[in-house]
Amino acid sequence: MKFFIDTANLDEIKEAYSMGMVDGVTTNPSLIAKEEGAFEEIIKEICDIVDGPVNAEVISTDTEGMLKEAHHLAKIRNNIVVKIPMTVDGLKATRTLTEEGIKTNVTLIFSPLQALMAAKAGATYVSPFVGRLDDLAQEGLVLVEQLVEIYSNYAYDTEIIVASVRNPVHVLDAAVIGADIATLPFAVLGKLAAHPLTDKGLKAFLDDWNKGKG
Ligand code: E4P
20 MKFFIDTANL DEIKEAYSMG MVDGVTTNPS LIAKEEGAFE EIIKEICDIV
70 DGPVNAEVIS TDTEGMLKEA HHLAKIRNNI VVKIPMTVDG LKATRTLTEE
120 GIKTNVTLIF SPLQALMAAK AGATYVSPFV GRLDDLAQEG LVLVEQLVEI
170 YSNYAYDTEI IVASVRNPVH VLDAAVIGAD IATLPFAVLG KLAAHPLTDK
220 GLKAFLDDWN KGKG
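Using this note's numbering, read the sequence shown as starting at 20 and increasing by one per residue.
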C-alpha cells in the first residue's frame with residue numbers, strides 16, 4: 020500500500036519523507052492557503068523533496084480554465100498530478116488531459132457512480148473523502164469497498180487514494196479493503212507508528228539492562 024502525505028507544509032513533508040514513508044503528496048487549495056509563499060513556488064519546493072506524485076489542484080470551475088491551469092501545472096515538473104474537481108466540467112477536462120498524457124486525480128468523490136465516471140474519463144487517481152462522509156454518518160469506508168469492487172469488475176487502472184483520513188482506523192480499514200493509496204495528515208502518520216506497549220516494553224528492556232549490565 021502506498022502512503023501519500025496530505026499537506027503542503029514543507030517541514031512535515033521533509034520529516035515524513037525522512038521516515039521513508041512517503042510515496043507521494045496531496046495538496047488542495049485549503050492546505051496551500053495555510054502556507055507562506057506563492058502556489059507554484061510551494062509546489063516546486065515539494066517536488067524538490069519528493070520524487071513521487073505531487074498533487075496540485077486547479078481552482079477554475081470551467082473546463083477551459085481547468086485545462087489552462089493543468090497545462091501550466093504539468094510543466095512545473097514531470098511528477099505533477101493535476102487535481103480536478105468531480106464535476107461535469109472536471110470530467111471533460113480529465114478526458115482531454117488523459118488523452119494528452121497528463122496525470123489527473125479526480126477529487127471530492129463522495130459516491131461510487133462519481134468514481135465510475137472519473138475512471139471512464141481516464142483519471143489516473145480518484146480521491147474518495149472518507150472523513151467528510153463519516154461526519155454525515157455515511158460510512159466513508161463503505162464507499163471505498165464499493166470502488167475497489169467496481170474497479171476490479173471492469174479492470175480499471177484508476178488508483179484509489181483514500182482521502183480525508185482522520186485516524187489510524189481509516190488507514191487500517193483502507194488497507195484491509197485493498198485501496199491502492201491512503202493520503203495521511205502528518206499527525207495520523209505519527210500515530211500509526213506508536214503503541215503504548217512498545218514504549219512500555221522498551222523502557223522495561225532498558226531498565227533491566229541498566230540494572231544487570233549498567
Ligand atoms: C485529499 O486530497 C484532500 O486534500 C484531503 O484529504 C481533504 O481532507 P479533509 O476532509 O480533512 O479536509
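A virtual CB, placed ideally from N, CA and C, is assigned to each residue, including glycine.
Own chain residues within Cβ distance below 8 Å of residue i, not counting five before or after
i    : result
L135 : I169
K87  : S79
Residue i CB to nearest heavy atom of the ligand E4P below 8 Å
i    : result
K53  : no
V77  : no
K21  : no
D25  : yes
I65  : no
F148 : yes
P204 : yes
T123 : no
N74  : yes
R151 : yes
A182 : yes
T45  : yes
T126 : yes
K210 : no
Close-in-space but distant-in-sequence residues of the same chain around residue i (CB under 6 Å, 5 per side omitted)
i    : result
A198 : V163, I179, V181
V100 : P72, N74, K122, N124
R96  : C66
Residues that residue i bridges to, as DSSP identifies them
i    : result
P147 : I128
E178 : Y144
K21  : I200
T123 : V101
Contacting residues, own chain, Cβ-Cβ under 7 Å from residue i (five flanking each side not counted)
i    : result
K222 : none
E54  : A27, N28, I61
A112 : T82, M85, L86, A89, I103
3-residue-minimum beta strand (DSSP E) runs that sit fully inside the stretch 184-220, ordered along the chain: DSSP assignment within the stretch 184-220 yields the following whole beta strand (DSSP E) runs of 3 residues or more, N-terminal first: 200-203.
Contiguous alpha helix (DSSP H) assignments of at least 4 residues, all confined to the stretch 40-105: Counting only runs of 4 or more, we get 48-52, 58-68, 82-93.
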